[in-house]
Amino acid sequence: MTLTTSDVVLSPSGDGPSLAPETLREMFRFMLLARTIDERMWLLNRGGKAPFVISCQGHEAAQVGAAFALTRGKDFTLPYYRGLASVLVMGMTPTEVMLALFARAADPSSGGRQMPAHYGSRRLKIVTQSSPVGTQIAHAAGIGLAERIKGGDAVVWTSFGEGTTSQGDFHEALNLAAIHQLPAIFQCENNEYAISVPQKLQMAVANVADRAAAYGMPGITVDGTDVLAMYEVTRRAVERARRGDGPTLIEARVVRMTAHSSDDNDRTYRPSSELKRLRQHDPVVRFAAYLQEHDLLGEDAERELRQTIIAEVDAATDAAEQAPLPDPETLYDHVYAP
Amino acid sequence: MTLTTSDVVLSPSGDGPSLAPETLREMFRFMLLARTIDERMWLLNRGGKAPFVISCQGHEAAQVGAAFALTRGKDFTLPYYRGLASVLVMGMTPTEVMLALFARAADPSSGGRQMPAHYGSRRLKIVTQSSPVGTQIAHAAGIGLAERIKGGDAVVWTSFGEGTTSQGDFHEALNLAAIHQLPAIFQCENNEYAISVPQKLQMAVANVADRAAAYGMPGITVDGTDVLAMYEVTRRAVERARRGDGPTLIEARVVRMTAHSSDDNDRTYRPSSELKRLRQHDPVVRFAAYLQEHDLLGEDAERELRQTIIAEVDAATDAAEQAPLPDPETLYDHVYAP
Amino acid sequence: MPEINLLEAIRQGIDEMMADDARVFVFGEDVGIRGGVFRVTEGLHAKYPGRIIDAPLAESVIVGACIGAAMNDTLPIAEIQFADFIAPAFNQIVQEAARIHYRSNGDWTVPMVIRAPYGGGIHGALYHSQSIEAFFAHVPGLKVVAPATPYDAKGLLKSAVEDPNPVLFLEHKKTYRLIKGQVPDEDYRVPIGPADIKRPGEDLSVFAYGLMLHYALEAAQTLANEGVSVEVVDLRTLRPLDTRTILTSVRRTAKALIVHEDNLTGGFGGEIAALIAEHAFEHLDAPVTRLGGPDVPAMPFAKPLEDAFMPSPGKIAAAMRKLAAY
Amino acid sequence: MPEINLLEAIRQGIDEMMADDARVFVFGEDVGIRGGVFRVTEGLHAKYPGRIIDAPLAESVIVGACIGAAMNDTLPIAEIQFADFIAPAFNQIVQEAARIHYRSNGDWTVPMVIRAPYGGGIHGALYHSQSIEAFFAHVPGLKVVAPATPYDAKGLLKSAVEDPNPVLFLEHKKTYRLIKGQVPDEDYRVPIGPADIKRPGEDLSVFAYGLMLHYALEAAQTLANEGVSVEVVDLRTLRPLDTRTILTSVRRTAKALIVHEDNLTGGFGGEIAALIAEHAFEHLDAPVTRLGGPDVPAMPFAKPLEDAFMPSPGKIAAAMRKLAAY
Ligand SMILES: Cc1ncc(C[n+]2csc(CCOP(=O)(O)OP(=O)(O)O)c2C)c(N)n1
Ligand SMILES: Cc1ncc(C[n+]2csc(CCOP(=O)(O)OP(=O)(O)O)c2C)c(N)n1
Ligand SMILES: [Mg+2]
Ligand SMILES: [Mg+2]
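Sequence order for the protein chains is A, B, C and D. Everything in the first sequence is counted per our numbering, starting at 1 for the first residue and increasing by one. Everything in the second sequence is counted per our numbering, starting at 1001 for the first residue and increasing by one. Everything in the third sequence is counted per our numbering, starting at 2001 for the first residue and increasing by one. Everything in the fourth sequence is counted per our numbering, starting at 3001 for the first residue and increasing by one.
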């Protein structure tokens, strides 16, 4: 069965889910924080201080909406490399993010061993991620399987791009999760590109959610620039999973507002006109407008918030930049667990 | 879209596709030949003369019906290890089959290097198969891709079991074939078991054909014990592929009338009552009845046919048994093509 | 002490670990009611409801799901039906299981076992006879064991389940029922790492594991009757490799022969030979010699070809003779 | 002769083969309009409509489909975006491509090339820096080449496309733009197989390939200034290996050093060392020595850690000195 956004109460223009005003503001704060950190990363990259950046811009609503439907410290998340906004909500600090960007010894994700944006933290139940795409989808299914064996009621959430749904691991993992009705939420953040490869060269279906029919699990396409829609759809999927009714595939339609990464130049394959169009779907702008419209965030309050966040990101950047690099001797640490 | 048998003219009880009587008799001959060879293999196995048998019994109609819709010498086939009936139709002789069973040097499939039932012949465009399940599905997509590049109009047909649809290669290959609308027919022979694992532990969907929706290709479930239904559905898929309209997934519902292989004992996981029930769907018995019903094959004619086939299989068995084994020196041949 | 075969020893090891620790579970094709195609898990499905799980036919997610499960406080034992079919899981094993502890700077661990029946001489043809150790013994972060006796198999299986790292547990199919030995009733472990000198000797050292260990012992006996004293070292663990025992033995005998069934070129024997050549150079009285499977893609089905492929006690004895005479 | 870098040499090789033979096509992620993430196929998409094909993000079917295509009278060049991501295709490469000719008793052939940018020192971290040759040079039925110069890269690329067997074509990422060299305008080939003595010497032999070849040459120059004459052999092809050139060199110099960037233990250097130890034993005046990457899962991102991992001209020169002094 393939549900679509129309099946669920979503659009902020509609009378969205009843979330307390402070919760809505908190959601916005995380979106703005993610955006601010991300933009700062690009500045640091252009300034020659950060060798590599891969961006979350355009995916913030999809991630913040979803993460707010999860229980921090209890539920597992396996975000992919665009998951900045999701890990912030799950508890990672801007300083920790910046420590990864600068590959510092104190980087909690990998101690500077992995590329930036490969977030992980056992304490926060953010599972360590690798670069080969799609492998984490199988891990998510396995975490759900273990939860079933242990009789626990945590759910597991994982994210990946639409290109990654072409990988065998996507298929094998969703199939397994459906067979055993595992408590998993599979979030595909569909930005219509895999580096330069457009969706139509990646699949012959209009929606990634159509793939859910192959597994007998619900597949839902959501406007991923609508944070409230994402929250509501994910909330229902989480309830379903916790009830033991099984997994859900959620396709969040998002926009990739940057090149694939700082190593990419998307002008070679993406018309600038398209990018201009996409910018009109900026989830941060959209949610800011919604909050103003509903008198949930006044102009002064927003200006104040932006200043606080910029200060926070300044501090995080400085702290991280001043932190020491890993000692060469540590190269040999942690090959095996004792 | 998922079509079902009801969408196409199928059931022999209905006024099936207009095939000439001699064609229908030829189809029956191949089904009976496959069955006779298969039963002989088991006798030889029990008699200690053939170390390994893996069976086609119950799959004959699915394969003969499909193979009759293909053009011999032009279209490529990539059958899996239950493909005995299909390779016979495509031109492999009983003697060649028996040479493989006895692992003789003259075995055209592999010179006795592979297990029996790993058929292949470049001359017949039957592509060499391996034991790791599902790999051939990717090869089939690639053969279609090459055909597209060359501008030819051959189609490619491949077969596999329902358990094999859990493999990543199934997903990746069907996805690729759909993206480029490649001239391929994917036949899943669903006998509801993968060795001992029942379908419900293999997938959460009722029909393998449901998986086609994930790729945007038609998925059709057919009664695979009905040779005429199989012919008609495959004929349409072949036309479609040759026209350039793309691939089709055909799910043939079949019965596994034996243990998985001569190394298996299915009593440990399959109630004998079930096997009894399955025997009522014996495709050979069913088609024989149909031919008699329609006065297409009299009792004498059938008896005569059975005798001819038995004689043919006797001769093939003797010829193969007397053929020499590979010379140990040949172990080093064909590691690399010159 | 009761005498059981290697397969029963592995089953006992799994059974006892599952009885002791509810976190242990088995995930693989046909491991349930069927008890596995080799019957290793026979009887356990009924005994441990919900913990002997039939997997879909998909090796990548068999391993991948066990990785996830291991990160969620369980102790998975993945069964690969035949080692040849581990190839689809190569990415999950090498890029994920082996690297997770390192890439997370020690934050996450993957305590899992991957059981894989390997090896030939059982009429399994190209795809049911392969040796796979060279691919995995090269991978830092993985442990690779290949026991040859029931005692070692049970003791190493238990150590593997308790190990906080991913352990590839290789079981030679031909030894399953062929090799019998005494196994104590009481609980014990065989540590991952140390090699074991199965037969002490003076004139030359032979290094082997799995089925080849038994063939080497047979050949050593033949040589003994010819007056040559051969030391036979059972490596048991391939990664981490017990270089100390290897080098100590060669420094004493001054001659080394390495035997494995896997294709010679690029096989793990090359690593052992290289270590000896570099670190025992001054003690060597003869070239470090390797005896391995021929460099053909795999072991064919036809008996004459399979026999031609398999290293045999006879071929090993011949190599020993040549080395002893050097 | 015009001087071009190694990346341009490979592009030229592909371009000229595609111009000559309509059966040649390229299949890989982002190889189309984007010209590949390293720009190797830049410009070819427009030049050869329908023959530079963007693949879905799925390495197993990238290789698997090319195998099928190769069996249907085309000559596919599969591009794996980074060698690290070849792992999902391991099954298709090792169990299928490498075994098809053998298992069909010579009936079917798989004339395909798999291009894989490998190696580190480019700040690629754990998953964009790996060396993968040891996994594949072990596999009978596969050919594995690893050119180090633009001339060899173009000549070997053309030979690989024409070879009737599957060829893994390894391109060291750091050499892409760093290494420049003269490449003739006229058509030529470099045969798969023969190694090449890039620098003749008397006192010791060094065997390397890819980036390490250049580091070894740099180190050899340093040693020359110190009065030590080092012979540097560029293996170029790892399978089939040119044992004759290797052994001839060592028999003359009596000392051997093998250098690779891949993890030391179980790396392909072990095979080379084992061959020398067994077949040049009586000529050796010193232990066969290996210098490889440390046995950690992969090369970390942080500069101090990456530098600590990478073998450097300095580390190689030190190993040469030690060996020369032995
Ligand atoms: C197995 C594997 N193959 C190739 C790559 C190289 N690569 C990194 S990101 C990427 C595109 C991913 O696209 P998508 O899944 O849509 O995610 P997006 O970046 O668009 O969010 C590719 C091909 C990889 N990381 N892993
Ligand atoms: C990759 C791989 N894993 C495991 C096996 C072992 N095996 C051989 S046949 C089989 C079951 C196949 O079931 P299905 O696809 O339904 O085909 P069927 O035999 O039922 O016709 C298994 C698990 C294999 N051959 N290849
Ligand atoms: Mg995308
Ligand atoms: Mg089946």
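For glycine and all other residues, C-beta sits at the position ideal for the given N, C-alpha and C. Since the structure is predicted, the reported quantities are computational estimates derived from the model, not experimental observations.
Item: Neighbour-count burial assignment, Asp1015(B), 16 or more Cβ in a 10 Å radius; Value: Residue confidence for Asp1015(B) is low, a pLDDT of 49 falling below 50, so the modelled location carries little weight; the figure read from the coordinates is stated next. Classification for Asp1015(B): exposed.
Item: Residues that His2138(C) contacts on chain D, provided the C-beta gap is smaller than 8 Å; Value: Ala3134, Phe3135, Asn3263, Thr3265, Gly3266 and Gly3267
Item: Closer than 8 Å at the beta carbon, the chain C residues around Asp3187(D); Value: In chain order: nothing, as chain C lies at least about 33 Å away.
Item: Short CB-CB distance (under 9 Å) between Ala3069(D) and chain B; Value: yes
Item: Any non-hydrogen atom of ligand 3 closer than 8 Å to Gly163(A) Cβ; Value: yes
Item: Own chain residues within Cβ distance below 8 Å of Leu1010(B), not counting five before or after; Value: Only weak support exists for where Leu1010(B) lies, its pLDDT of 41 falling under 50; the value from the coordinates is given anyway. Answer for Leu1010(B): Gly1016, Val1222, Asp1223, Asp1226, Leu1228, Ala1229, Glu1232 and Val1233, listed in chain order.
Item: Any chain A beta carbon closer than 9 Å to Gly2141(C); Value: yes
Item: Arg1123(B) versus Val87(A) - alpha carbon distance; Value: 58 Å
Item: Supposed contact pair Leu2178(C) and Lys2198(C) - C-beta distance, whole angstroms, cut 8 Å; Value: Not confirmed; about 16 Å, so no contact.
Item: DSSP three-state assignment for His3172(D), whether helix, strand or coil; Value: strand
Item: Whole beta strand (DSSP E) elements within the region 2134-2201 of chain C, 3-residue minimum; Value: 2143-2145, 2167-2172, 2180-2182 and 2196-2199
Item: Cβ of Gly144(A) within 9 Å of any chain B Cβ; Value: no
Item: Partners in chain B for Asp169(A), counting only beta-carbon separations shorter than 8 Å; Value: Gly1168
Item: Where Ala2080(C) falls: helix, strand or coil (DSSP); Value: First, the residue type needs correcting, since residue 2080(C) is Ile and not Ala in the sequence shown. The answer is coil: DSSP assigns Ile2080(C) none of H, G, I, E or B.
Item: Nearest candidate by alpha-carbon position, reference Met3001(D), set Gln3182(D), Val3250(D), Pro3056(D) and Val3296(D); Value: Gln3182(D)
Item: Counterpart residues of Glu1251(B) in DSSP-defined beta bridges; Value: Cys1188(B) and Thr1221(B)
Item: Assigned exposure category for Tyr2188(C) - 16 Cβ within 10 Å defines buried; Value: exposed
Item: Classification of His1139(B) by the beta-carbon crowding that lies within 10 angstroms, buried from 16 upward; Value: buried
Item: Near ligand 1: Val2040(C) beta-carbon under 8 Å from a heavy atom; Value: no
Item: CA-to-CA distance, Pro3166(D) to Gly3141(D), given in whole angstroms; Value: 8 Å
Item: Test: Asp327(A) CB closer than 9 Å to a CB of chain D; Value: yes
Item: Residue span of the beta strand (DSSP E) that contains Glu3042(D), given as start and end; Value: Element bounds for Glu3042(D): n/a, residue is neither H nor E.
Item: Own chain partners of Lys3276(D) with C-beta closer than 6 Å, once the 5 adjacent residues on each side are dropped; Value: Note that residue 3276(D) corresponds to Ile in the displayed sequence, not to Lys. Once the five neighbours on either side are set aside, the close Cβ partners of Ile3276(D) are Val3250, Ala3256 and Val3288.
Item: Beta strand (DSSP E) segment containing Pro3117(D), residue limits; Value: Val3113 to Tyr3118
Item: Residues that Glu2029(C) contacts on chain B, provided the C-beta gap is smaller than 8 Å; Value: Ala1194, Ile1195 and Val1197
Item: Reduced DSSP category for Val89(A) - H, G, I as helix; E, B as strand; rest coil; Value: helix
Item: Cβ pair Ala2153(C), Gly142(A) closer than 9 Å; Value: no
Item: Given Val284(A) as reference, the closest of Pro108(A), Thr128(A) and Glu26(A) once Cα atoms are compared; Value: Glu26(A)
Item: Selection of the region 1259-1287 of chain B by Cβ proximity to chain C, strictly under 8 Å; Value: Asp1263, Asp1264, Thr1268 and Tyr1269
Item: First through last residue of the beta strand (DSSP E) which encompasses Asn2225(C); Value: Taken as a continuous stretch (DSSP letters only), Asn2225(C) belongs to no beta strand (DSSP E), being part of the alpha helix (DSSP H) at Leu2211 to Asn2225.
Item: Gln1202(B) at chain A interface by Cβ criterion, 9 Å; Value: yes
Item: Any non-hydrogen atom of ligand 4 closer than 8 Å to Glu1321(B) Cβ; Value: no
Item: Interface flag, Asp3107(D) vs chain A, CB-CB below 9 Å; Value: no
Item: Ala2134(C) vs His3045(D) beta-carbon contact at 9 Å; Value: no
Item: Chain C residues whose Cβ lies nearer than 8 Å to that of Arg3236(D); Value: Within chain C, no residue comes near Arg3236(D); the closest Cβ sits about 17 Å away, beyond 8 Å.
Item: Against chain D: residues of the region 2270-2298 of chain C by CB proximity under 9 Å; Value: Gly2270, Glu2271, Ile2272, Ala2273, Ala2274, Leu2275, Ile2276, Ala2277, Glu2278, His2279, Ala2280, Phe2281, Glu2282, Leu2284, Ala2286, Pro2287, Val2288, Thr2289, Arg2290, Pro2294, Asp2295, Val2296, Pro2297 and Ala2298
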